[in-house]
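In the working numbering, the protein residues as written are 8 to 258.
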Ligand SMILES: [Zn+2]
């Protein structure tokens, strides 16, 4: 039994795109189904239910479209504090769905007094969440996990075309290797304003109860850097999902 659980964990880790690879509630049947390999073309988002039922049946899915005029004021129990400020070595891999960066010793965030550790971050060639229907030029999803409850919290950093981003440059230049970076340089200076809601992983197994924090202040990346990233991935965005009974909080 123990061996089976470990196998499922390893498989989830190998296949995780938007996910942390540590989804505690993934079912064994989901993990087996993953061997068919989901993607963004022939086995794209409309087929993901074949890989995990939650992708098709879940009603708290991500990403979503955010209409700023229809948001609610922030529930202060969800105040976000960011501590992603440890310079260190990160591994950069092309995992088949995105460019994924795994720090040896990541930083952390605090949510309502609970610490969530940075597990990995990865990129999408356009933002998955839309604001008033608009996609940003790129997005980084910084995946954090509460070590006690295993709940995930993803901080989304939007990118728009502008000045070159030094950290992004180091990452794109070192796919398949390691590089020393300071994630603090990667997060926008202004982190006080964001959208928050409860959603899901945006890739199979599409597991729910993920806390999403979308920073309103975007970072910039140069036209060359965006083009460079899109040589790896140009269409790795899941379409927006229905909000159903959820509300988006804003501060
Ligand atoms: Zn993602």
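Even for Gly, the Cβ is constructed at its ideal location relative to N, Cα and C.
In angstroms with no decimal places, state the Cα-to-Cα distance between residue i and residue j.
i, j, result
"residue 108", "residue 178", "8 angstroms"
"residue 212", "residue 159", "14 angstroms"
"residue 18", "residue 44", "Residue confidence for residue 18 is low, a pLDDT of 38 falling below 50, so the modelled location carries little weight; the figure read from the coordinates is stated next. Approximately 11 angstroms, taken between the alpha carbons."
"residue 119", "residue 87", "7 angstroms"
"residue 97", "residue 239", "19 angstroms"
"residue 172", "residue 233", "10 angstroms"
"residue 110", "residue 191", "13 angstroms"
"residue 155", "residue 124", "11 angstroms"
"residue 59", "residue 229", "37 angstroms"
"residue 62", "residue 102", "20 angstroms"
"residue 235", "residue 145", "12 angstroms"
"residue 57", "residue 150", "25 angstroms"
"residue 206", "residue 183", "31 angstroms"
"residue 106", "residue 77", "33 angstroms"
"residue 166", "residue 64", "31 angstroms"
"residue 188", "residue 215", "31 angstroms"
"residue 129", "residue 70", "15 angstroms"
"residue 174", "residue 181", "11 angstroms"
"residue 185", "residue 193", "16 angstroms"
"residue 200", "residue 81", "10 angstroms"
"residue 208", "residue 217", "7 angstroms"
"residue 231", "residue 142", "19 angstroms"
"residue 94", "residue 114", "9 angstroms"
"residue 99", "residue 176", "12 angstroms"
"residue 148", "residue 162", "6 angstroms"
"residue 135", "residue 121", "27 angstroms"
Who are the Cβ neighbours of residue i in its own chain at under 8 angstroms, not counting the five residues just before and after it?
i, result
"residue 237", "132"
"residue 152", "27, 29, 123, 124, 126, 158, 159 and 160"
"residue 195", "164, 222, 224, 225 and 226"
"residue 251", "66 and 67"
"residue 169", "227, 228 and 229"
"residue 90", "114, 115, 116 and 117"
Taking residue i as part of the beta strand (DSSP E), name the residues at either end of that continuous run.
i, result
"residue 166", "159–168"
"residue 98", "95–101"
"residue 50", "It is not in any beta strand (DSSP E) - residue 50 carries neither H nor E in the DSSP assignment."
"residue 215", "215–222"
"residue 147", "145–152"
"residue 87", "87–89"
"residue 109", "106–110"
"residue 115", "115–118"
"residue 203", "201–207"
"residue 187", "185–188"
Could you check if residue i belongs to the surroundings of ligand 3, using beta carbon to heavy atom distance under 6 angstroms?
i, result
"residue 136", "Annotation note on ligand 3: not contained in the displayed structure, which lists ligand 1 as its ligands."
Quick one: give me the first and last residue of the alpha helix (DSSP H) that residue i is part of.
i, result
"residue 125", "Residue 125 -> not in any alpha helix (DSSP H); beta strand (DSSP E) instead, spanning 121–131."
"residue 230", "230–239"
"residue 175", "173–179"
"residue 61", "60–64"
Tell me which residues share the same chain as residue i and place their Cβ nearer than 6 angstroms to its Cβ, disregarding the 5 neighbours each side in the sequence.
i, result
"residue 241", "132"
"residue 197", "224"
"residue 79", "254 and 256"
"residue 117", "88"
"residue 55", "45, 62 and 211"
"residue 75", "none"
"residue 39", "A caution first: residue 39 carries a pLDDT of 48, below 50, which makes its placement in the model too unreliable to give a value."
Apart from the five residues on each side of it in sequence, which residues of its chain come closer than 7 angstroms, Cβ to Cβ, to residue i?
i, result
"residue 246", "52"
"residue 72", "137, 140 and 247"
"residue 47", "242 and 243"
"residue 112", "93 and 95"
"residue 50", "43 and 44"
Determine whether the Cβ of residue i lies closer than 7 angstroms to any Cβ atom of chain C.
i, result
"residue 64", "You won't find chain C in this structure, because it holds only one protein chain."
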